[in-house]
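Scroll down for the structure; my scribbles are underneath it.
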Amino acid sequence: MGVRRPFIAGNWKMNMLSSQAADLMRTLDHGFSGEDDVDIAVFPPAIYLRDAVKLLSNSTIQVGAQNVCWERNGAFTGEISPAMLKDMGVHLAIIGHSERRTIFLEDDAMINRKLRHALDEGLMPVLCIGETLSERNAGKTEAVIERQISKAFTDVPRDRIPRVTVAYEPVWAIGTGKTATPEQAQQVHRVIREWLGTVCGEGKAATIRILYGGSVKPENARELLHQPDIDGALVGGASLKADSFLAIAEAALY
Ligand code: PEP
Numbered sequence: 029m030g031v032r033r034p035f036i037a038g039n040w041k042m043n044m045l046s047s048q049a050a051d052l053m054r055t056l057d058h059g060f061s062g063e064d065d066v067d068i069a070v071f072p073p074a075i076y077l078r079d080a081v082k083l084l085s086n087s088t089i090q091v092g093a094q095n096v097c098w099e100r101n102g103a104f105t106g107e108i109s110p111a112m113l114k115d116m117g118v119h120l121a122i123i124g125h126s127e128r129r130t131i132f133l134e135d136d137a138m139i140n141r142k143l144r145h146a147l148d149e150g151l152m153p154v155l156c157i158g159e160t161l162s163e164r165n166a167g168k169t170e171a172v173i174e175r176q177i178s179k180a181f182t183d184v185p186r187d188r189i190p191r192v193t194v195a196y197e198p199v200w201a202i203g204t205g206k207t208a209t210p211e212q213a214q215q216v217h218r219v220i221r222e223w224l225g226t227v228c229g230e231g232k233a234a235t236i237r238i239l240y241g242g243s244v245k246p247e248n249a250r251e252l253l254h255q256p257d258i259d260g261a262l263v264g265g266a267s268l269k270a271d272s273f274l275a276i277a278e279a280a281l282y
């Protein structure tokens with residue numbers, strides 16, 4: 029995995045009541061040896077972030093938000109700003125998840141505003157991009173990826189780009205049980221790294237972590253995670269059980 033330390037991120041989406049979330053965090057904390065050469069983070073529902081930060085305050089497990097607003101404060105009912113997250117001790121935020129794009133109609137322009145503002149405020153964004161099945165079948169995967177990434181990074185200062193983790197999540201593989209083959213995923217990850225190289229230089233691009241997401245499980249993690257440009261995983265369903273999430277983290281190592 030070269031210079032990039034693997035990163036395994038668990039997106040809990042809108043799952044679990046608070047006691048279940050707390051149990052899962054305790055079990056993860058107990059089961060994860062922080063000395064392992066892998067970073068792990070959980071992204072609980074926003075309402076549990078404060079508890080999560082407290083519960084994991086002595087842990088190397090990081091805590092992130094699933095979404096963030098593009099403004100600092102004001103009349104944005106229901107939203108949470110990067111400043112509020114930081115104030116709570118949360119430094120990571122997922123931006124542009126395909127469920128936000130498709131269900132909540134976030135477009136490339138909104139995602140760009142979110143990314144720029146999150147970086148302005150010092151957050152570490154996890155930017156999600158990925159094609160739909162019809163786009164893949166039409167041979168448009170690379171064009172879609174290049175459009176999403178170039179729009180997301182529009183007007184982002186070059187020196188800030190390495191603070192972003194990119195997650196390639198083919199929409200057809202999310203929550204469906206269908207996984208991109210390691211070769212399909214690697215091919216897109218290479219395209220992403222080449223694009224990053226053209227905007228911030230190959231040396232910087234080589235330090236940026238690119239995660240794969242889409243039905244990652246203990247059974248398929250190892251092969252995916254050992255592709256040259258796959259630096260970790262964004263895990264949905266399998267992050268809701270400590271055993272499977274920790275097994276995926278372990279797969280990144282051996
Ligand atoms: C996700 O939602 O980011 C995801 C990858 O989900 P799943 O692992 O369940 O496909």
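In the working numbering, the protein residues as written are 29 to 282.
Glycine included, C-beta positions come from ideal geometry on N, C-alpha and C.
Examine the ligand PEP and report whether any of its heavy atoms sits within less than 6 Å of the Cβ of G92. no
Which residue's Cα is closest to the Cα of V216: E127, D259 and L281? Selected option, being the one with the closest Cα: D259.
Take R186 as the anchor and find which of C228, K179 and I202 has the nearest alpha-carbon. C228
I'd like to confirm something about I202: is its beta-carbon nearer than 6 Å to some heavy atom of the ligand PEP, or not? yes
Of the choices S61, G265, I173 and G150, whose alpha-carbon is the least far from that of G117? G150
With a CB to CB cut of under 7 Å and the five nearest residues on each side skipped, what residues in its chain are close to Q176? Cβ within range, chain order: D136 and I157.
Counting only runs that start and end within the region 107-193, where is the beta strand (DSSP E) found for 3 or more residues in a row? 120-123 and 152-157
Looking at C-beta atoms only, is the number of pairs between the region 88-96 and the region 66-74 that lie closer than 8 Å three or more? yes
Contact check, L155 vs V194, beta carbons under 7 Å: yes
Can you grab the Cα-Cα spacing for the pair K179 / I236, in whole Å? The straight-line gap from Cα to Cα measures roughly 18 Å.
Can you give me the Cβ contacts of M29 inside the same chain, cut-off strictly under 7 Å, excluding the 5 residues immediately before and after it? Here M29 scores only 43 on pLDDT, less than 50, and its place in the model is too uncertain to base an answer on.
Got a sec? Which residues, its chain only, sit under 6 Å from W98 by beta carbon, not counting five neighbours each side? R141, K142 and H145
Unbroken beta strand (DSSP E) run spanning V70, endpoints: D67 to F71
For the ligand PEP, is there any heavy atom lying closer than 6 Å to the beta carbon of G264? yes
Which full runs of the beta strand (DSSP E) of 3+ residues lie inside the region 210-245, going along the chain? 238-241
Taking the beta strand (DSSP E) that I89 belongs to, which residues open and close that run? No beta strand (DSSP E) holds I89; DSSP gives it neither H nor E.
Can you grab the Cα-Cα spacing for the pair Y196 / M42, in whole Å? 21 Å
Roughly how many angstroms lie between the CA atoms of S85 and A166, to the nearest whole one? 47 Å
Kindly examine the ligand PEP and report whether one of its heavy atoms sits closer than 6 Å to the Cβ of S61. No, the beta carbon of S61 sits no closer than 6 Å to any heavy atom of the ligand PEP.
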